[in-house]
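Right, one structure below, let's go through it.
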Amino acid sequence: MVLLYKKCNLKFRVMKINTELLTDYLNETCNEQTKQRIKKWIENDPKNIAYFEELQFYWDCKSIKSKQIVFDSEKALLELQKKKAASKKFQIRKLMRYAALIAILIATSITSFFVFIGDSNLILVKNNTNIDKVLNLEDGTKILLAQNGTISYPKNFSEHSRTIKLTGEAFFDVAKDKSRPFIITTSLTKTKVLGTSFRISEGISKTSITVESGIVEFMQVDDPGNKVRLVKGDFANYIAKQKVVLLGKHSNNNQLKIKYLEYENEKLELICNDLKELYNINIRIKGHIIPQLVMTATFEDQDLDHILESISFSLDLEIERNKEYILLK
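Here the sequence shown is numbered in the numbering used here, starting from 25 and rising by one per residue.
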């Protein structure tokens, strides 16, 4: 991952550590001498520790969204300062270094960040703001809830599991607890972990997950047997229409693999529409006759190239590729 920084003339405590150096440290591009200097600065003052961990949290969360990120240090620092001024009710607390490796500042907006605790002790959090909001659960788990996202969870988790319900998108940094798996349910899928970090995006017909660290089980809500095991760097989509899980590495969309997809006497036009949605790619079919061709096929653990080759061979078609689309003719 590559981070680009914007220079900022901010003064830091005790030692002359500027934002540029901290960015290099997070990006692992500074030399050993500078690395030791920054470590001493961080450990010198609890305020420095909290301050650095806030920056690290934002860096970790954003890293999942993109392989390359423009890190505007000045903007990030201003945002953190605004959050500090917003509410004194929520305070930064230091985490154990090997548990979650991040510290989070929680801030709320009274009118647009809604938290409700009902009679059943079920907490409902809805983010109606235009920025991500940070949640700190009682077990030590940290959640970055995206705009328009909603999360509900019990005030106190049970002795056997930690279960929450998500609508929308959120980044999770789950506190480790081998005796109580952490379970996130959406309308379509269920995700089960012990301690890891990942991002889930829930939609009407599709749920996506990207794993940053640890091991995750990703499964269909009404068919737990339809599940996959994901590790760091893995990406998966669950498509409700076909009840299919699409697997791959989130750094390369072309290498995504379908777990299982089956068609029986299906028109090519409809098959290609599914592939468009699954792979987020533009597929065109030449003429009026070819789209109506019918095909029976089963695709298992295959990437897009293999699927297109199978279609081409079965229906005696040619494949033409350019930067904008794939043409079947």
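Heads up, the beta-carbon is just placed ideally off N, CA and C, and yes, glycines get one too.
What you are looking at is a predicted structure, and each value in this text was computed from that prediction instead of being measured.
Open item on the list: From the DSSP secondary-structure annotation, give me the bridge partner or partners of R204.
Closed with: Answer is none; R204 lacks a bridge partner.
Task: Among D48, Y75, L148, N68, the one whose alpha carbon lies nearest that of T178 - done: Residue identity differs from the one stated: residue 178 is Pro in this sequence, not Thr. When only C-alpha atoms are compared, the closest one is L148.
TODO: Give every residue of the same chain whose Cβ lies closer than 6 Å to the Cβ of E183, excluding the five residues on either side of it in the sequence, and list them in chain order.
DONE: none
- [ ] Run the CB neighbour count on S221, radius 10 Å, all protein chains shown included, and call it buried at 16 or more, exposed below.
- [x] buried
Open item on the list: Once the 5 residues before and after K300 are set aside, which same chain residues still bring their CB inside 8 Å of it?
Closed with: N306, I307
Task: Reduced DSSP secondary structure (H/G/I, E/B, other) of I167 - done: strand
Open item on the list: Given a cut-off of 8 Å on the beta-carbon distance, is the pair I239 and T215 in contact?
Closed with: no
Task: Straight-line gap, S336 to I309 (C-alpha atoms, nearest Å) - done: 12 Å
TODO: Return the bridge partner residues of F242 from the DSSP annotation.
DONE: T215, V252
TODO: Along the beta strand (DSSP E) that carries E236, what are the first and last residues, could you check?
DONE: 230-237
Open item on the list: By alpha-carbon positions, which one of I331, V252, Q316, G257 ends up nearest to E286?
Closed with: I331
Open item on the list: Just list the residues that DSSP pairs L352 with in beta bridges.
Closed with: I309, I343
Task: CA-to-CA distance, I188 to S176, given in whole angstroms - done: 6 Å
- [ ] Let me know the secondary structure DSSP gives I147 once reduced to three states.
- [x] strand
TODO: Figure out for me which residue from A264, V255, F259 has the closest Cα to the Cα of D247.
DONE: A264
Open item on the list: Is it buried or exposed, T322, if we count other Cβ atoms within 10 angstroms and call 16 or more buried?
Closed with: exposed
Task: Separation of Y49 from I88, as counted between CA atoms - done: Residue confidence is low: I88 scores 47 on pLDDT, short of 50, so the model does not pin down where it sits. Its coordinate-derived value is still stated next. Rounded to the nearest angstrom, the two C-alpha atoms are 18 Å apart.
Open item on the list: Using only the alpha-carbon positions, how far apart do T320 and H312 sit?
Closed with: 20 Å
Task: Assigned secondary structure, N72 (DSSP; H/G/I helix, E/B strand, else coil) - done: helix
- [ ] Indicate whether N151 and A170 have their beta-carbon atoms separated by less than 8 Å.
- [x] yes
Task: From V217, E241, S237, S211, residue whose alpha carbon lies closest to that of I228 - done: S211
Task: Where the beta strand (DSSP E) through E226 begins and ends - done: 221-226
TODO: Could you check the C-alpha separation between D196 and E77 for me, to the nearest Å?
DONE: First, the residue type needs correcting, since residue 196 is Phe and not Asp in the sequence shown. C-alpha separation (whole angstroms): 16 Å.
Open item on the list: Considering only their Cβ atoms, is the gap separating L341 from K353 smaller than 8 Å?
Closed with: yes
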